[in-house]
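Comments concern the structure below.
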Amino acid sequence: MFSDIKLEQEELDYLSFQSQSFAVCNGALIRLKQDAPQQITTPKALNVVPVPHTLTPAVLPRSVFNSVNSISTLLNTLVHKMSYDKNFIAKHLKETAHGDAEFTGKLYELFLRVQPHQTIQFGLHRSDYMMHYNQASNTISPQQVELNTISSAFGGLSTIAQRIHQFVYDKSSTVREHYAKLGAQYVPSPSLHNMSKAFAIAHETFNKQQQIKA
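In the working numbering, the protein residues as written are 8 to 221.
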């Protein structure tokens, strides 16, 4: 099921440098927190590095990929309906909010204040999975780690990560031959486009509602 790409050190170093250069040119950057000044005044103070990434993507059976995609609508619907159940949220978050006043507590207070007045909601969710490998049957299955409703930024970053992988693929005949032997195909990630489109629809819908109220 899994096999490593055999790269000579010279090619590995070359592809590593090229992929990081591509990341920098395409905005895949993070700022090092520990060295960040309190107030940035000049470009010299921007201590940034390329986002950590792999040179090549993991290989998944199409059936696993399709399975995760198909269940996402159900999970999103479940979270959406739960968000409207004030009693359910109060029951399960009240104690946590009390113990984590600075984060969960403030979110809970915001929910109580806003929820009675909400008629429109826009949810952006990130569902994380790890692959469980069954050595006996030589199969893998997705195991959900969490469904995140707060930190969803990596949906946009995944599109750039796919472009990095495609860039490395185009640069290296070794990588192309490896994936050709596996019969694997690179799958484009439309998440950045889809997220942007969703934001635009939510903004348009909200504006229409405000105009009706006015």
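Quick reminder that beta carbons are idealized off the backbone N, C-alpha and C, glycines included.
* To the nearest angstrom, report how far apart Y176 and D107 are at their CA atoms. => Cα to Cα, Y176 sits roughly 45 Å from D107.
* **C-alpha gap between H139 and I37, whole angstroms** => Cα to Cα, H139 sits roughly 30 Å from I37.
* To do: For T156, name the three-state secondary structure that DSSP assigns.
  => DSSP places T156 in the coil class of the three-state scheme, outside both helix and strand.
* Pick from D20, S70, V56: whose alpha carbon is nearest that of P149? -> Looking at the Cα atoms, S70 is the closest of the given residues.
* Determine the contact status of L154 and H132, defining contact as a CB-CB distance below 8 Å. => The answer is yes: Cβ separation under 8 Å.
* Asked: Do the stretch 208-216 and the stretch 118-136 make contact, defined as three or more Cβ pairs closer than 8 Å?
  -> Result yes; three or more Cβ-Cβ pairs closer than 8 Å.
* Note down, one range per segment and in chain order, each alpha helix (DSSP H) of at least 4 residues found wholly within the stretch 89-125. => Runs of the alpha helix (DSSP H) inside the stretch 89-125: 93-106, 113-121.
* **Continuous beta strand (DSSP E) stretch holding I12: start and end** => DSSP places I12 outside any beta strand (DSSP E), giving it a letter other than H or E.
* Asked: Under a three-way DSSP split, which group does V86 fall into?
  -> V86 falls in the helix class under three-state DSSP.
* To do: Go ahead and label Y115 buried or exposed: buried means 16 or more other beta carbons lie within 10 angstroms of its beta carbon, across all protein chains shown.
  => In the assembly as shown, Y115 is a buried residue. Its beta-carbon has 16 or more other beta-carbons within 10 Å.
* State the Cα-Cα distance for the pair S203 and T166, rounded to the nearest angstrom. => Using only the alpha carbons, I get a separation of about 12 Å.
* Asked: Under three-state DSSP, which class holds K204?
  -> Reduced to three states, the DSSP call for K204 is helix.
* In three-state DSSP terms, what is S77? -> Here S77 sits in helix by DSSP.
* Cβ-based neighbour list, T111, same chain, cut-off 6 Å, excluding 5 preceding and 5 following -> Within the same chain, T111 has close Cβ partners T103, A104.
* Kindly indicate which three-state DSSP category L36 falls into: helix, strand or coil? => The three-state reading of DSSP puts L36 in strand, counting E and B together.
* Give the C-beta separation of S198 and G162 to the nearest angstrom, bearing in mind that I take them to be a contact with Cβ-Cβ under 8 Å. => Correct: roughly 4 Å between the Cβ atoms.
* **Residues near P195 in its chain [Cβ-Cβ closer than 7 Å; skip 5 each side]** => Q169.
* Asked: Near V152, which residues of its chain fall below 7 Å by C-beta distance, leaving aside the five closest residues on each side in sequence?
  -> The beta carbon of V152 is closer than 7 Å to those of D135, Y136, M137 in its chain, skipping five residues each way along the sequence.
* To do: Could you have a look at Y136 and say whether DSSP puts it in helix, strand or coil?
  => Y136: strand per DSSP, three-state reduction.
* To the nearest whole angstrom, what separates the beta carbons of H60 and S26, a pair I think is in contact under 8 Å? -> 7 Å between Cβ atoms; contact.
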